[in-house]
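Chains as they are written, first to last, in the working numbering: chain A, 1 to 328; chain B, 329 to 656.
Number of protein chains: 2
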Amino acid sequence: MASTIRDVARSAGVSIATVSRAMREPSIVSVETLRRVRAAADELDYTPSQLGRQLAERRHGANGIVFPDLSGPYYGEVVVGYEDVASELGRAVLILATHGRPAAREMITRLAGRCDGLVVLGHTVSDEALLELAERGVPLVTVARPPVAGVDSVAAENHRTAFALATHLADSGARSVVFLGNPDRSPDVTERRAGLFAGAREVGLEVSELRVETMDEQGGAVAAEHLCQQPALPDAIACANDELALGLMTALRERGVVVPRDVLVTGWDDVMAARYAELTTVRQPLRDLGATAARFLDDLIAGRRAEPRIEVLPTELIVRSSSSPRER
Amino acid sequence: MASTIRDVARSAGVSIATVSRAMREPSIVSVETLRRVRAAADELDYTPSQLGRQLAERRHGANGIVFPDLSGPYYGEVVVGYEDVASELGRAVLILATHGRPAAREMITRLAGRCDGLVVLGHTVSDEALLELAERGVPLVTVARPPVAGVDSVAAENHRTAFALATHLADSGARSVVFLGNPDRSPDVTERRAGLFAGAREVGLEVSELRVETMDEQGGAVAAEHLCQQPALPDAIACANDELALGLMTALRERGVVVPRDVLVTGWDDVMAARYAELTTVRQPLRDLGATAARFLDDLIAGRRAEPRIEVLPTELIVRSSSSPRER
DNA sequence: TTGAAAGCGCTAACAT
DNA sequence: ATGTTAGCGCTTTCAA
């Protein structure tokens, strides 16, 4: 059994209040007392119980972060950026992966009971669930999902860069483009789609949409099959993420389609494989997303902020040969 | 202010003990009382304080997982496998990334004070630090590091598959191979190196070693530069991980070296980019590693296990054209 | 500078 | 089936 504050107090011949003071504010205790307490603590191998502390202080000293999944390169980076800042600020980090489970709401509610505040990423729970938490007074920051009234939010720019992507495709000689993705899967996708459509209209690019069930390589392969059954391929295919684009390119090539000669393909995310596949894509400040959320949350918990904040971090179009006219 | 068990008790006209019972074991309370308590709890929007519970039960209901980093595809998958099982078992998950920081030891000690047990991945802290925790009675499971006396351990097989890799290279026509990596970076690497060396000797393959500073694409590029300055390239280069191999291949090609005609290259991990680069590599059961660790830890915490366990999960050689003789 | 004592919100004997 | 009460290990007034 680990020793408690009482053991140390007895052994040092002081009261527990003095031990407490010696541990948290050594300067307000006489040097001699401090010495004795320290000696006793060392001797007994005493570490203050977090549980005792937390209950007395009525704070957890921990934050939660909720995400759909951690496979794939995306959320891992965001979580790292978050963890880095949070642990710098001396707070523990609790994680929760929802995996699209319907029980997500209860899971998050439970999590909320274990920490001082929550960061919620992407497509994990409904806005109502968040609002309920917010009403209960749980400090909340969302990342990569549309702002919820009164809740802090951090996101990566989608619309403008998707607009720029449309322009780039037109400049590369495309006359038509199809957007490949599933807007139901994530709010980000909806914005990318809207940006691409807006850009396409602006530059006179004929634009349409093809929905996929899953936004992974499998989904890309399915889309390739579908597209190849049409009378003609579009000039360009803008995919909602890289995995989709990679799966698509692979499947197209298996069917003898040459990218980018026969069709331009683009992704979104700039995962590592995108470089090796020479895929034009969009890079997001993933770590920054997490780090910013961590700071926002800390401000909320410390009560340093009243007005809800909405921050949109810039993204960057990365042009590679999968959409480059020079190589066609 | 959130309502407490006393508020509910008063409002329902019962004692706090009854409220406690109604919340945790409804069956031992009369239906009428249960109804009244539930009504009061609903009315007051009562959720039992985790902090109060935890202190009274003297358990955190949470486990920690410690890893070097979450960028790259490796640890993220392990953490997901872990989180999945742990949350299934009703335990919260605390994460800690050490980033090779020297303060890792204190960070882990702090973390240990917040949970009922710890999973420690790879190159994060010294064995002594772990032994100290184990002595303090903290349930512990290590993953992907050499077993520490008395501590449960889960790892992926390295030696045998590295041995098989050497055989494969010899079968592909190689007469010499260099192992590229940095054994100081991770215990896994040491084992892969040993396995490769043993296999190479067995099949009469000339084997040597080249150390890199960093085991990422940058490290691979540096190695390429070094190798190209030698009078001749080896027949094969076995890299300690995929990132190294990918960086190496890219840099070699920039220098006009043709893979696999001029030199065979292999990696380790089977990251997504490896498929697109046609890289021969070794696949590890990452999620399983995490899931197994979670179960081991739960057994320890529940006191279901006395003898320390060591589990080694099998890995699989994935042959692609970067080392295939048929394409040479 | 130090100590006594009253919580923090809950669980779990023990008693009824 | 329910209530009383004594903790769990700490922090923090309030006095001395």
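Ideal placement from N, C-alpha and C gives every residue a C-beta, glycine not left out.
Beta carbon of residue i nearer than 7 Å to that of residue j
i: residue 70 (chain A); j: residue 407 (chain B); result: yes
i: residue 333 (chain B); j: residue 347 (chain B); result: yes
i: residue 205 (chain A); j: residue 170 (chain A); result: yes
i: residue 317 (chain A); j: residue 164 (chain A); result: yes
i: residue 323 (chain A); j: residue 281 (chain A); result: no
i: residue 422 (chain B); j: residue 297 (chain A); result: no
i: residue 359 (chain B); j: residue 340 (chain B); result: no
i: residue 230 (chain A); j: residue 442 (chain B); result: no
i: residue 224 (chain A); j: residue 251 (chain A); result: yes
i: residue 196 (chain A); j: residue 166 (chain A); result: yes
i: residue 356 (chain B); j: residue 363 (chain B); result: no
i: residue 116 (chain A); j: residue 309 (chain A); result: no
i: residue 572 (chain B); j: residue 543 (chain B); result: yes
i: residue 447 (chain B); j: residue 393 (chain B); result: yes
i: residue 109 (chain A); j: residue 68 (chain A); result: no
i: residue 310 (chain B); j: residue 506 (chain B); result: Residue 310 (chain B) lies beyond the range of chain B shown here (329 to 656); nothing can be said about it.
i: residue 157 (chain A); j: residue 315 (chain A); result: yes
Residue i at chain A interface by Cβ criterion, 7 Å
i: residue 407 (chain B); result: yes
i: residue 399 (chain B); result: yes
i: residue 609 (chain B); result: no
i: residue 612 (chain B); result: no
i: residue 361 (chain B); result: no
i: residue 335 (chain B); result: no
i: residue 404 (chain B); result: yes
i: residue 655 (chain B); result: Residue confidence for residue 655 (chain B) is low, a pLDDT of 43 falling below 50, so the modelled location carries little weight and cannot support an answer.
Under 8 Å by beta carbon: chain A residues contacting residue i
i: residue 412 (chain B); result: 97, 99
Paired residues, beta bridge with residue i - DSSP
i: residue 269 (chain A); result: A:283
i: residue 470 (chain B); result: B:448, B:481
i: residue 434 (chain B); result: Residue 434 (chain B) is not bridged to any residue.
i: residue 424 (chain B); result: B:394
i: residue 507 (chain B); result: B:537, B:566
i: residue 587 (chain B); result: None; residue 587 (chain B) has no bridge partner.
i: residue 312 (chain A); result: A:155
i: residue 341 (chain A); result: As displayed, chain A neither begins before 1 nor continues past 328, which places residue 341 (chain A) out of reach and without an answer.
i: residue 264 (chain A); result: A:236
Residue-chain proximity (residue i, chain B), Cβ-Cβ < 7 Å
i: residue 10 (chain A); result: no
i: residue 338 (chain A); result: Only positions 1 to 328 of chain A appear in the structure, and residue 338 (chain A) is not among them; the question remains open.
i: residue 51 (chain A); result: yes
i: residue 272 (chain A); result: yes
i: residue 145 (chain A); result: no
i: residue 320 (chain A); result: no
i: residue 220 (chain A); result: no
i: residue 324 (chain A); result: no
Neighbour list for residue i in chain B, Cβ cutoff strictly below 8 Å
i: residue 111 (chain A); result: 420
i: residue 87 (chain A); result: 424, 425, 435
Within chain A, the residues that residue i reaches when beta carbons sit closer than 7 Å
i: residue 375 (chain B); result: 113
i: residue 382 (chain B); result: 51
Neighbouring residues, chain A, relative to residue i (Cβ below 9 Å)
i: residue 641 (chain B); result: None at all; the shortest Cβ gap to chain A is about 18 Å.
7 Å Cβ cut-off: residues of chain B touching residue i
i: residue 246 (chain A); result: 604
At a cut of 8 Å, does the stretch 623-634 of chain B reach the stretch 582-600 of chain B through at least three beta carbon pairs? no
Could you say if the stretch 40-47 of chain A and the stretch 58-76 of chain A meet the contact criterion of at least three C-beta pairs nearer than 8 Å? By the criterion of at least three beta-carbon pairs nearer than 8 Å, the stretch 40-47 of chain A is not in contact with the stretch 58-76 of chain A.
Under 8 Å, with one C-beta from each stretch per pair, do the stretch 239-255 of chain A and the stretch 203-222 of chain A reach the 3-pair mark? When Cβ pairs closer than 8 Å are counted between the two stretches, the stretch 239-255 of chain A is seen to touch the stretch 203-222 of chain A, the count reaching three or more.
Quick one: any contact between the stretch 183-191 of chain A and the stretch 140-147 of chain A, if contact means 3 or more CB pairs under 8 Å? At 8 Å Cβ cutoff, the stretches touch.
Should the stretch 80-89 of chain A be called in touch with the stretch 277-293 of chain A, which here means at least 3 C-beta pairs below 8 Å? yes
Mind the definition here: the stretch 520-536 of chain B touches the stretch 578-592 of chain B only if three or more C-beta pairs lie below 8 Å; say whether that holds. Under the three-pair Cβ rule at 8 Å, the stretch 520-536 of chain B does not count as touching the stretch 578-592 of chain B.
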